[in-house]
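Engineer:
Structure representation (structure tokens):
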């Protein structure tokens, strides 16, 4: 499982504008049904009490999570687009980005790190996350 935090703005509360204080963006593993997946559900359940009174919600990355691993880039693209949307609409919301199995590969693509490094190059990889969003 991979997880990282992306700060999109100052520590000001996000609740006033209808945005959560914290949002988990999670890409499920291969062959899991749509949603956060087992690991994503567990991470969300662990985050909620750790965040105290801060509001938290989750976004399930929309991608096939199939055995066609070239579609992993679809997950990276969906997560990238959602991060950009959140940065625009909810700039004070703190984002936690994670993934399990194939979802972890999709998340690593956002950092510009192909799942197998130089062994396979960048074939199938989504472009790195715009530095202005990180």
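Numbering (my numbering), first residue to last: 51 to 184. In this text, a Cβ means the ideal position worked out from N, Cα and C, and glycines have one as well.
1. Between residue 98 and the rest of its own chain, which residues show a CB-CB distance below 7 Å, the 5 nearest in sequence each way excluded?
2. Determine the contact status of residue 71 and residue 143, defining contact as a CB-CB distance below 8 Å.
3. Since residue 87 is in the beta strand (DSSP E), which residue starts that stretch and which ends it?
4. Is residue 108 helix, strand or coil when you go by DSSP?
5. What residue does the alpha helix (DSSP H) around residue 154 start on, and which one ends it?
6. Measuring CB to CB, does residue 109 end up less than 8 Å from residue 75?
7. Considering only residues of the same chain and omitting the five flanking positions on each side of residue 48, which have a CB-CB separation below 6 Å?
Structural biologist: Taking the structure as given:
1. Excluding sequence neighbours, residue 98 sits near 106.
2. yes
3. No beta strand (DSSP E) contains residue 87, which is instead part of the alpha helix (DSSP H) from 87-100.
4. strand
5. Element bounds for residue 154: 152-160.
6. yes
7. No statement about residue 48 is possible, as the shown extent of the chain runs from 51 to 184 and does not include it.
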